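Position 325 of the sequence shown, counted from 1, bears residue number 324 in numbering that gives the first Met the number 0, the numbering being contiguous throughout. Okay, so here's the structure we're looking at.
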Amino acid sequence: MVRRLCYEPSVTALIAFPAGDSTYVPGWDGTVFHQEGNAWIPLGLSRWEIGCDQDVQAKANSDYQKRVEKVDQQERSKTVFVFVTPRRWAKKAEWLAQKKGQREWADVRAYDADDLEQWLEQTPAVSLQFAEEIGLAGWGVVSVARFWDGWARQCVPEITPDALVMGRALELNALNEKLRSAAADSDVMNPLSIRADSMDEAAAFVVAATMASGELRHQALVVMDPVGWRYVETNPQIRIAIAARAEIASHPIMRKGLRVIVPYASGDMAGRPNGDELVLERPSIYDFEKALVHIGMEESDAKRYALSTGRSWTVLRRQRATNPAIRRPGWLDSPHSASLPLLCLLGAWKSDCLADRQIIERIADRTYEDVEVDLRQLARVDDAPVLNIGMVWKAKSPLELLTQCGDRITRGQLDRFFAIAQEILSIPDPQLELPEEERWLAQVRGRVHQYSGLLFESICDSLLKLAVRGEEQPGLQSLRIEQRVSSLILNLLDGADGCRWLSLASYLPTLAEAAPDEFIRAVQKSLGLPGAPVTRLITESASSGGFGGRCWHAELLWALEMLGWAPRWLGPVSLILARLRDVPMKGNWGNKPSESLLSLFRSWYPQTAASLEERIKVLDFLISKAPDASFSLLLALVGRGPNGAFSTHRPKWRDDDAGTGRGASREEAAAMVLAAKERLLTMSAGDASRTVRVIKKINFVEELDNLLLLLAPFLLDAASDGDRETIRAELRNIIHWHKNYSDEPVAELESKLKVIVDIYERLVAEDVVLRHQWLFDNHWLELPEKDKGDGIEAKGLAVVELRVSALNQIHEAYSMQGVNRLICECSEPGIVGSTLTRVEWINSVEIADWLFEAGADFVKSSSMARCLVGILESYSVSIADELLQKLIHLGSYHKWEVDSLAKLLTLAVARPATWRIVEECGPEVSAAYWQQVSVYPRADEAPGYVMEQLLTVKRPLSALHYCQYAIDKTDPHQLRAALELFLTQGGEGEIRLESWYLEKMVDRLEACKEIDRMTLVRLEFGLFPLLRYGRESKAVLLYEALMTQPEIFKELICMVFAPENGERKPVDDLAKAGAERAYSVLHSCRRLPGVQDDGRIDRDILLEYVRSTRSLCRDADRLTMCDQTLGEILAHAPADADGAWPCEPVREVLDDFGAEQMRKGFCIGCFNRRGVTTRSMWDGGEQERTLAETYRGHAERVRFSHPNVAAVLDDLAKDYEHDGRREDTAADLRKEGL
C-alpha cells in the first residue's frame, strides 16, 4: 500500500519497496527519490522503515539507531529518514522533535494510522484497491486492477494487458493522449465513448491502458453500478471514471477534471453519442495470432483460434471461459435469432448481388428483406455475431456460430444447402471460355459468375465446418453430416474433367480438408485417366513472367501440403506430388510439386506431424513407386550449403498440425540425412548420371569412403567410355575446386585428393576424341590443377597448350576425320577453329578445300560454320582475308548462288577489310550480305558507312542499333532517314532499340538546326509509342507545336474521336493505329498553352489558344471531346504564387459558363494525374481523405472569385471522400480474409 501511495510516475525517479517474501531480505523497507516532494513524500532521497510492532516507540528507536550506525554521516546528511506504522502513535510528535534535534539526518518524518488515513483519502484509487484487498469494498465501484482480474481471469489462458492492446498501438496512443489532455485541461467535461466488439472489451481496453500508465492508474476506477457515481462525486481526486457498461453511465457525475469513459458495442447505433469517440478495430489476424502466442497458446492453435474467433477477444474469452455462464452469448435469445442458422450455413455474401440474395432466400425459405431485417438488428447488439462491411454480410466467428446455433439448423435447411452447394460448385468458370491470354479481361468481357466469389468461398467453408465440427452438435449427429459432405465432394471431383478442376481451383484446399479421403481418391483417379485431367491445373498455368497470368496449380499443391500434415495421408500425398512433378510446367513458379514434396520430408523443417520413422517408411514406399522423383527428393534432403524454407499450408479447422512443424532436433535432422544418404548410394550404384548428381551433393573430404564405393563400378573394364567421361568431368570439378579454394589442412587434403586424382587418371576414355572433348565444350575451363593466382593470361596460355596437344593427339589417331568428329560433337566448334590456327600440322592441310568439303553451304548455325568463324577471328587480317578469298573462289567455281556466298561472308569478322571483299563480289552479293549480316554497336568509330549500307537494304532498325553508342558521331540527316524508314517499315526480328537511346537520338535531331521543325514534329509523333517509361515529355518539339498551333490539336482530336453527328465510318488498322498514337500524345500532355520559361501561364495566349482550338473543333463537329481533352490538360496547371490552384488564367477559362465539358475533363485529368497508388493491406482511405481536404482547401480559396471552379473542386473532394470510404470497406474485408 505504501509503495502505491508513494508512486507518482512523472516525478518519481527511484522507488523500491520490497513486498511478499522479499520483506525478509535485509536492508531498507523502502527507498524513494522524489523530484518535487509533497506533503507526504520528502524532496530528493528518502529511506523508509515500516513496523507493525505493538510497541511502536521501541520499534522506531531500534530502526533509527540501527540505520544511524550503518549509514555514514555524509550519506545521512543528504537523506531523509521516514518511519511508518499502521498503529496510532501517541508520542509521535515528541519522538519527531527529539530526533530532528539530533541533526543526524537531513530530516526525519513519521507517519502513523491517522496519517495513513488522511493520505488514503487523498488517493481514492489506491484507497479503493486497498479496501478490496482487505474485503471492505463497496459503493458500486472497483479498482482497475480488480476489474481486470475479474475480466481477464475468466479465460484460459489468462488474457494479459499487453496481449489486449497488441496490434492496437494507434488506438492506445490516441486514448492515452485523450486522457492526458483531459487531465491537463480541467474544462474538459464531455464523456469519451469507446467502441469495441462488446462493452466488456471496450472497458477492459481502457483499464489495460490505465494500468500500463502508472500516472493514470492511481487516478482511475471502474463504476460497476449507478450508485458508484456517489463515490466518484465524494472523491475529487478521481480523474478517470470508467463505466463498466453503457447503461451505468446514463446519469454520470460530470465535473471539471473528471473524464468519464463510456463503453459501447460497435454496432450500437442507437447509443452513438455526439461527443468524443474512439473506435477499437479488431487487430489484424497476424497481431491476434501473436497475442495468443504471447499469452501461452501453441502457434498452430493460435492460428486456428484467430480464424475461428474472428480476431475477437470477446469471442475468445467466451470460447475459453472457465465460467459456464459466460459461454452463452446474449444474442442467442434475441427475437431476431431466427436468421442465425442461415449464418451457420452461409457465412458471407454480397447484398448487392441479386444471385446471392436469391440463394439466401432459397436456403432461409424467407424473403431476403425479412432476413436482412434480422441481420441488421443482430449487428447492433452487444458482441454482435454478424458484421456488415459495405455491401457484405459476414458471420464474425463462423465456427462459434456453428457451436452455438448448430442444433437450430433444420433438416430442410440442410437439404436445401447441400442441393445449392452441388448446383453452384458444378458451374464451369466462365473465364475459361476466353483464350488464356485474355482471361485477365474476364470482368471486362462479362465472363464472370453470376454469384459473388464470397458466396463460393462461404459454401466451401461451410462444408468444411460441417464436416469437421458438425458431428459435435447433438442436433446434427443424426443427419450424417460428415458423410453428406464427403459424398458431395466426391460427386464433384470423381472423374471430373479439366474444366471442373480449373473451375474449383481456388477452393481445393477447403474441399480437401473437408473430405480428405475422397479428395485423395479423386486426384489419384484423375491421374490415371487419359490425359490426367487434374494436370490441366499445371499445364494451364501461364508463364510466371507474363502479365495477368495465374498459377492455377498453387491451390492444388496447398491442398496436398495441408493433407500431408496427417501421418495417415503422407504416403498417398507424397506419391501424388511425385507424379505431378513430371508434368511440364511453364515459367518459373515458386509453387512446384517438387518443392511441396521436399517440404514434407525436409530434415530440419519437416512440414508434417509424421514421426521420423514414419517419414522414412514413406520414403521407402515412394522409392518403390516413383524412383526418379524419389532420387531427386533424396538429393535435396542431403544437400549442402545454405537452405531456406517456408511453412506450408496448414489445416484451417482440423488440428492435424497441432504442436508440429516448427523444426526438428539436430539429432532427428541428422538421422533423416543419414537415411537419405544410404538410399542414395543404393539407387546410384552403376548409374553414371545418378552417381554424378550424388557426388555434387556430398562432401568428398567427409564422405570419401562412400565416394569410392560409388566410383568402383566405373573402374571395371565393362564400363563404357561415355560413363567414364561423365564421372571424370565431375571429378575434375572436385579436384579443381579443392586445389584452389578448399580451406582443409594441406597435408590431409593432398592425401585424400591423391586417391581422387588416381581414379581420375584411371577413368581416361579409350576414345581420344571423347577423352579431349571437354576442352572444347566451354571457353572458360576449370583445370584439374592449382591455377589460382596465376592470372588470366597465364591460365589462358595453359588452356591453349592443352587444346593444341589434344588436337595433335586426335589428328595423329584419326587424321582430319577425328577433327571433323570433334567439331560436330563438341559444344563450341569455334574453339576448335581458333585452336586449329595454332597447330603446326595445319600448314600441311589445304584448309580451304577441307572447309569447303566439310562445310557444305556454311549455314550460320552449323558446326562447321562456327568452326570457320573461330578460324577467321584467330587469323591475322591478311591470312583471314586470303582464306576467305579462296573459299569465295571455290564457291564461285562450284556456281554457288548469291545467297550462299553472302552467308559465307557473314561468317567473317565485320570490319572494313571484309566489306572491301564484299564490294568486290558485286552489288548482288553485297546487297545479300548487308541483308543478313549482324553488326554490333561500336562507340569508337563513325557509323556512317555501315548505316548507309543498312539503309540501302531497308534495315533501319539495325542501322539505329549500330549507331546507338555513337549518336554524337552520327550524321543527323542519316539518323533522320533511319528513323523515318523505321516508322514506315517497322522492326526486324529480335533486334530491340531501348527507349533511352531513342530519346538521345531525338535530342540529337532537336539540337540540329538544319532539319525542318515540322519534320521533327511528325517524327516525334511517329516515335511517340516508343518513348515510354515516363519519357513521353522528351517529345519537346511535338508538345511545343501541339500547344502553340491549334490546327495540330484539332488534327489529333479528329484522328481520335468521331464526329458528334452524322454516320460513323468503318476504321481500318492504319487509322486505328494513328488514333491510338494521337490519344497517347493528347493524354500524356503536361504542357499548357501560354507557358513561359519561368513556369507562369500567359493569360492572353492561353485564352486565344482555347478560343481558336474550340472554334476549329466546333467546325469539325468535335467540340465536346475538344473541351474534355483541354480540361484534362488544364488539370496539370501550376498554382499561383499565393498557393491558389489552379492558377488564375486557368480558373478564368474553367469558370466560363459554357465550359461545363472542360470542367468535366478537368476532373478526369485530376484523377488521372494521381497515377498508381500503394498502401498497406490494412490501410483504409486515409490517402483519399487527405486529397479531399486538399481539394476542399483549394475550393475555399476561390469560392467567391470563381464559383464554378470551386464547385468542381468540391466535387473532386466528395469523390475522394467516397473513394476513401470504399478503401475503408476494402481494408475491412481484407482483414476478414475476404
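By construction, the Cβ of each residue, glycine as well, lies at the ideal position given by its N, Cα and C atoms. It should be emphasised that the depicted structure is a prediction, and the values quoted were computed from it without experimental measurement.
Since residue 498 and residue 427 should fall inside the 8 Å C-beta cutoff, what is the C-beta to C-beta distance between them, to a whole number of angstroms? Rounded to whole angstroms, the Cβ separation of residue 498 and residue 427 is 5 Å, and the two are in contact under 8 Å.
Would you mind sorting residue 655 into buried or exposed? The rule is 16 or more other CB atoms within 10 Å of its CB. The residue in question, residue 655, is buried, as its Cβ has 16 or more Cβ neighbours within 10 Å.
Less than 8 Å between the C-beta atoms of residue 512 and residue 652, yes or no? Less than 8 Å separates the beta-carbon of residue 512 from that of residue 652.
If you draw a straight line from the alpha carbon of residue 904 to that of residue 869, how long is it in whole angstroms? The alpha-carbon atoms of residue 904 and residue 869 are separated by roughly 14 Å.
Measuring alpha carbon to alpha carbon, tell me which residue in 873, 908, 858 is nearest residue 898. Here the closest residue by C-alpha is 858.
Are residue 279 and residue 102 closer than 8 Å when you measure CB to CB? Contact annotation: residue 279 and residue 102 have beta-carbon atoms that are not nearer than 8 Å.
Go ahead and pull the three-state DSSP assignment for residue 209. When DSSP states are grouped into helix, strand and coil, residue 209 belongs to the helix group.
Looking at residue 51 and residue 30, is the spacing between their C-beta atoms short of 8 Å? It is not a contact, given that the beta carbons lie outside the stated cut-off.
So what does DSSP say about residue 29, is it helix, strand or coil? In this structure, residue 29 counts as strand in the three-state DSSP scheme.
When the Cα of residue 110 is compared with those of 96, 88, 914, which residue comes out closest? Cα-wise, what sits closest to residue 110 is 88.
Could you spell out the range, first to last residue, of the beta strand (DSSP E) harbouring residue 275? From DSSP, the beta strand (DSSP E) with residue 275 extends over 275 to 278.
How far does the alpha helix (DSSP H) with residue 1014 in it extend, from its first residue to its last? First-last of the alpha helix (DSSP H) with residue 1014: 1012 to 1022.
8 Å Cβ cutoff met for residue 262 and residue 165: It is not a contact, given that the beta carbons lie outside the stated cut-off.
Could you check what DSSP says for residue 402 in three-state terms: helix, strand or coil? DSSP places residue 402 in helix when its eight states are reduced to three.
Helix, strand or coil at residue 846 [DSSP, three-state]: Reduced to three states, the DSSP call for residue 846 is helix.
Might you give, ordered along the chain, the residues of its own chain that have their beta carbon closer than 8 Å to the beta carbon of residue 756, omitting 5 neighbours on each side? Around residue 756: 734, 783.
Is there contact here, the stretch 366 to 381 with the stretch 409 to 424, by at least three beta-carbon pairs under 8 Å? Touching, no, given that fewer than three Cβ pairs across the two stretches are closer than 8 Å.
Check whether the Cβ atoms of residue 596 and residue 573 sit closer than 8 Å, and answer yes or no. Using a Cβ distance threshold of 8 Å, residue 596 and residue 573 count as a contacting pair.
Taking the alpha helix (DSSP H) that residue 161 falls in, what are its first and last residues? Run containing residue 161: 160 to 164, per the alpha helix (DSSP H) assignment.
Under a three-way DSSP split, which group does residue 82 fall into? Strand.
Pop quiz: residue 1189 and residue 1182 are said to be a contact at Cβ under 8 Å. What is the actual Cβ separation, rounded to whole angstroms? About 11 Å; that fails the 8 Å criterion.
For the stretch 135 to 153 against the stretch 318 to 326, are there 3 or more C-beta pairs whose distance is under 8 Å? Segments in contact, yes.
Tell me the DSSP secondary structure of residue 564 in three-state form. Residue state, collapsed to three classes: coil.
Inter-residue CB distance, residue 934 and residue 952 (contact presumed, cutoff 8 Å): Taking 8 Å as the upper bound for CB-CB distance, residue 934 and residue 952 are not in contact here, some 12 Å apart.
Three-state class that DSSP yields for residue 48 in the structure shown: The answer is strand: DSSP assigns residue 48 an E or B state.
Closer than 8 Å by C-beta to residue 1209: which residues in its own chain qualify, once you throw out the five before and the five after it? Chain order, please. So the qualifying residues of the chain are 1190, 1191, 1194.
Exposed unless 16 or more other CB atoms sit within 10 angstroms - verdict on residue 1123: Within 10 angstroms of the beta-carbon of residue 1123 lie 16 or more other beta-carbons, which makes it buried.
Terminal residues of the alpha helix (DSSP H) in which residue 629 lies: 626 to 636 is the extent of the alpha helix (DSSP H) around residue 629.
Validate contact between the stretch 756 to 771 and the stretch 715 to 734 using beta carbons, cut 8 Å, 3 pairs: Between the stretch 756 to 771 and the stretch 715 to 734, the count of C-beta pairs closer than 8 Å reaches three or more; the two stretches touch.
With a 10 Å radius around its C-beta and 16 neighbouring C-beta atoms as the bar for buried, classify residue 1004 as buried or exposed. Counting Cβ neighbours within 10 Å, residue 1004 comes out buried, since at least 16 surround it.
Supposed contact pair residue 1106 and residue 1144 - C-beta distance, whole angstroms, cut 8 Å: 13 Å between Cβ atoms; not a contact.
As assigned by DSSP and simplified to three states, the class of residue 688: Of the three classes helix, strand and coil, the one that applies to residue 688 here is helix, per DSSP.
Which residue wins for smallest C-alpha separation from residue 594, given the options 1018, 644, 232? Residue 594 has its Cα closest to that of 644, out of 1018, 644, 232.
Minimum C-alpha distance to residue 266 - residue among 301, 386, 211: Nearest option by C-alpha distance: 386.
Using a Cβ-Cβ cut-off of 6 Å (strictly less than) and excluding sequence neighbours within five positions of residue 45, which residues of its own chain qualify? So the list reads 31, 79, 81, once near-sequence residues are dropped.
Do residue 794 and residue 739 come within 8 Å of each other at the CB atom, strictly closer than that value? No, Cβ-Cβ distance for residue 739 and residue 794 is not below 8 Å.
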